[in-house]
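First residue of the sequence shown: 300, per the working numbering; consecutive thereafter.
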Amino acid sequence: MDDDPGSPASRTLVREFDDNGLLHMLFGPGNAHLARIERRTGVRLASRGNTLSLSGAADAVETASAALDDLYRRLRDGQPVELADVDAALRMTGFDGERIAFVTRKRRIHPQTPGQAVYMEAMERYELTFGVGPAGTGKTYLAVAKGVAMMQAGEVDRIILSRPAVEAGERLGFLPGDLREKVDPYLRPLYDALHDMMPGDQVARRLAAGDIEVAPLAFMRGRTLGNAFVILDEAQNTTPAQMKMFLTRLGEHARMVVTGDLSQVDLPAGVTSGLKDALEVLAGVPNVGVVTFTERDVVRHALVADIVAAYDAADAKRRETGR
300 MDDDPGSPAS
310 RTLVREFDDN
320 GLLHMLFGPG
330 NAHLARIERR
340 TGVRLASRGN
350 TLSLSGAADA
360 VETASAALDD
370 LYRRLRDGQP
380 VELADVDAAL
390 RMTGFDGERI
400 AFVTRKRRIH
410 PQTPGQAVYM
420 EAMERYELTF
430 GVGPAGTGKT
440 YLAVAKGVAM
450 MQAGEVDRII
460 LSRPAVEAGE
470 RLGFLPGDLR
480 EKVDPYLRPL
490 YDALHDMMPG
500 DQVARRLAAG
510 DIEVAPLAFM
520 RGRTLGNAFV
530 ILDEAQNTTP
540 AQMKMFLTRL
550 GEHARMVVTG
560 DLSQVDLPAG
570 VTSGLKDALE
580 VLAGVPNVGV
590 VTFTERDVVR
600 HALVADIVAA
610 YDAADAKRRE
620 TGR
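Here it is as structure tokens:
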């Protein structure tokens, strides 16, 4: 039901939900989900029984109503709804996030932003995909999810996850332990993503059998990686020679994803990032997908998106002033 209170830019919409049993999960503990929607959209929400009144700017009311539809549909499908899902529903308003999903043993993963949807579709379509953008946009997490989904479906025999062992202000030689102990901290985010997709015993078994390999970039030299899903993470910290070496490892029936953030290069001054170089060299090459994320795709704490935007603005100002 609609009621225009007078201003053409404002609107009141009353929504009725047919399953009262789902409303407490839709509204959230202490109506926390409704409060989040109000804060993000500026729409005033008032519940009574199984009805919910939405009042505010017409476009904001449409956004809030569409987000509620998506969340209610999730609940009817037996999926949980948390605050992160509320944020995702608001970001995906007007974009069909149901058209693609990666299904792993532990979860079904849908895009939480339009940028993630484009990225997931690119990994479906291209043999080589670049995911470039700030931290918190899901570049690595979604790549691991795609690899696990393909391996569990029998589309690839193994997953190979790699990162360059470069970190700001540190050199491997100064770190304690043997080589494995030195590089493991650099690879920990990849292990974490794996455990989020698969039961822990399966991760351990697959690692022991060699079906999943997590290794520093230097271990890729001289190999041909066929029937595999291959991920290079933190690729901004490769040199052009390292990047060329990695990309030319691609074998038959393989898929490769390269992720990185060009604003976080930890290479020595004057050394060109292999990721930046590859994006320039491969521009226009067929069957190569490039997806660029922005702060609007950050799906961590809401403050992270604001921090990324602030740093981007500061960098832009420095470039303008030359300082």
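Backbone N, C-alpha and C define an ideal beta-carbon position, used for all residues, glycine too. Keep in mind the model is a prediction, meaning the values are calculated, not measured.
Shown here for lysine 575: same chain residues with a beta carbon closer than 7 Å to its own, the five before and five after excluded, namely Leu561 in chain order. The beta-bridge partner set that DSSP reports for isoleucine 530 consists of Leu460 and Val556.
Straight-line measurement puts the Cα of aspartate 369 at about 36 Å from the Cα of alanine 615. In the structure shown, the three-state DSSP call for arginine 407 is strand.
Between glycine 550 and glycine 525, the CB-CB gap stays under 7 Å. The Cβ atoms of phenylalanine 518 and alanine 448 do not sit closer than 7 Å to each other. Counting along the chain, the unbroken beta strand (DSSP E) around leucine 353 starts and ends at 350-356. Here valine 380 really is in contact with methionine 324; their C-beta atoms are around 6 Å apart, less than 8 Å.
Within the same chain, Cβ atoms closer than 6 Å to the Cβ of leucine 427 are found at Met555 and Val587, the five residues on either side in sequence being excluded.
Residue burial is scored here from C-beta neighbours: threonine 547 has fewer than 16 other C-beta atoms within 10 angstroms and is therefore classed as exposed. As computed with DSSP, isoleucine 511 is found in a beta bridge with Ile458. Spatial neighbours of leucine 321 in its own chain (CB-CB distance under 8 Å, excluding positions within 5 residues in sequence) are listed in chain order as Tyr371, Leu374 and Arg375. With a cut-off of 8 Å on Cβ pairs, the region 571-585 is in contact with the region 537-545, counting three or more such pairs.
Scanning Val443, Arg599, Leu441 and Phe429 for the CA closest to the CA of valine 584 turns up Phe429. Distance from the CA of glutamine 501 to the CA of leucine 353, rounded to the nearest whole angstrom, comes to 46 Å. Residue state for valine 584 is assigned as coil, using DSSP reduced to three classes.
Taking 7 Å as the cut-off, the beta carbon of valine 417 is found no closer than this to the beta carbon of threonine 591.
When C-alpha distances from glycine 521 are compared across Ser346, Gln451 and Phe545, the shortest belongs to Phe545. For alanine 345, the enclosing beta strand (DSSP E) covers residues 343-347. The DSSP-derived three-state label of serine 364 is helix. Take aspartate 532, set aside five residues on each side of it, and the residues of its chain with a beta-carbon closer than 6 Å to its own are Thr439, Arg462 and Thr558, in chain order. When C-alpha distances from isoleucine 606 are compared across Ile459, Ala434 and Gly499, the shortest belongs to Ala434.
If you draw a straight line from the Cα of serine 346 to the Cα of alanine 612, it is about 40 Å long. DSSP places valine 313 in the strand class (E or B) of the three-state scheme. Cβ neighbours of isoleucine 530 within its own chain (closer than 6 Å, five residues either side excluded): Ala442, Leu460 and Val556. Within its own chain, the residues whose Cβ lies closer than 8 Å to the Cβ of glutamate 512, once the five positions on either side in sequence are excluded, are Arg457, Ile458, Ile459, Leu460 and Leu506, listed in chain order. Assignment of valine 402 by DSSP, reduced to helix, strand and coil, places it in the strand class. Note on leucine 602: under 16 other CB atoms within 10 angstroms of its CB, so exposed under the neighbour-count rule.
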